[in-house]
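In our numbering, the protein residues as written are 6 to 403.
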């Protein structure tokens with residue numbers, strides 16, 4: 006009996022030693038999937054992770070994300086690792102069909118072979134298969150053709166790398182650059198697009214990279230003009246707010262599904278990298294306050310209760326309106342949406358989420374324009390004015 010127990014114990018130890026590397030690989034793949042924000046784009050129903058169905062409004066029409074669970078009929082369960090790699094890094098599906106570049110394969114090209122191996126292992130062994138058919142895209146036939154994407158890729162998509170695994174990047178600045186330019190694909194939202202709908206820059210070598218862009222009726226602000234340091238940037242990525250600012254809009258989903266799961270060192274690395282490419286405005290810090298002697302009554306009535314008469318907010322709770330990315334942005338769309346529709350900060354582990362009411366039901370388009378202009382003028386020195394017709398157009402764009 007003792008000998009049998011001894012053999013059984015030896016057998017279990019052998020199994021554990023064999024299974025541990027595989028478990029580590031799955032965990033590594035899961036972390037990469039979080040960093041790449043796969044969940045937010047491919048999960049419409051939280052009870053069916055990675056089953057697709059998320060709606061994207063694009064200039065060419067409506068696109069629905071696909072099922073990337075390991076289901077063999079509707080998902081990627083019958084993909085080989087080589088086919089998986091080609092889809093993720095080159096935008097080519099199993100049967101040779103070109104993927105629309107809404108899938109950020111131009112950023113995922115920075116994933117190494119070992120990164121891809123970890124991701125593939127995770128999706129095939131760590132994700133539950135979901136039997137859910139893919140939705141047809143709503144794109145006019147004359148714009149839906151995929152053969153031109155071969156030309157688009159040749160002009161705009163970089164070749165996949167074949168480098169050492171990302172985990173071996175010990176330099177925080179290099180690690181931050183890899184996370185931002187690679188799996189984090191921050192440029193997909195924060196970099197303006199050219200006439201071919203390509204990102205105008207894929208790295209910090211281009212002045213357009215992360216300089217701010219309009220997306221789905223929101224304005225993703227410049228990440229090269231952050232008004233806080235690396236530590237505060239890391240904090241907002243992990244919790245959705247920092248001492249002076251809070252996140253809302255599409256970025257909430259990114260924090261909920263992706264960046265809150267980053268290690269502290271990776272979040273800090275992103276902050277260091279973004280701070281290293283910071284651009285000042287005329288040599289001066291951005292968003293200088295311009296005082297006004299006749300405060301707008303609507304600001305005092307609807308905004309000052311939480312944000313304060315001087316726009317100072319409450320540290321770590323209510324964002325300040327000074328050096329606030331929504332307020333300082335050249336494009337007022339996001340600020341206007343928050344004032345009109347309200348806002349809710351991301352749901353993150355161990356952190357409270359708070360909501361701000363919207364005032365579209367109380368203020369008409371002209372009043373919303375005046376309030377937006379007041380906030381931008383007083384707290385960011387913006388002299389350009391939003392009109393009532395612009396308000397109507399912005400709020401009807403989603």
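Note that CB positions come from ideal geometry on N, CA and C, so glycine has one too.
- Out of 190, 277, 194, the CA that lies nearest to the CA of residue 233 is found in 277.
- Judged by pairs of C-beta atoms under 8 Å, the stretch 263-274 touches the stretch 239-247, as three or more such pairs exist.
- Within the model, the alpha-carbon separation for residue 140 versus residue 345 is close to 32 Å.
- Taken in chain order, the unbroken stretches of alpha helix (DSSP H) that lie wholly in the stretch 53-103 and span 4 residues or more are 86-95.
- Secondary structure note for residue 272: its alpha helix (DSSP H) is the uninterrupted segment 269-281.
- Our two residues, residue 90 and residue 121, have alpha carbons roughly 6 Å apart in a direct line.
- DSSP, reduced to helix, strand and coil, places residue 140 outside both helices and strands of the structure shown, so it counts as coil.
- By the C-beta density criterion, residue 151 is exposed, having fewer than 16 other C-beta atoms within 10 angstroms.
- Spatial neighbours of residue 307 in its own chain (CB-CB distance under 7 Å, excluding positions within 5 residues in sequence) are listed in chain order as 364.
- By the C-beta criterion, the stretch 175-182 is judged not to be in contact with the stretch 194-203, since fewer than 3 inter-stretch pairs fall below 8 Å.
- Just measuring C-alpha positions, the residue of 35, 185, 218 sitting nearest residue 112 is 185.
- The distance from the Cβ of residue 350 to that of residue 259 is about 13 Å, inconsistent with a contact at the 8 Å cut-off.
- When rounded, the separation of the alpha-carbon atoms in residue 343 and residue 196 is 22 Å.
- The beta carbons of residue 322 and residue 385 sit about 21 Å from each other, so the pair does not count as a contact at 8 Å.
- Just measuring C-alpha positions, the residue of 84, 314, 337, 376 sitting nearest residue 398 is 337.
- Around the beta-carbon of residue 354, fewer than 16 other beta-carbon atoms lie within 10 Å, marking it exposed.
- The DSSP-derived three-state label of residue 31 is helix.
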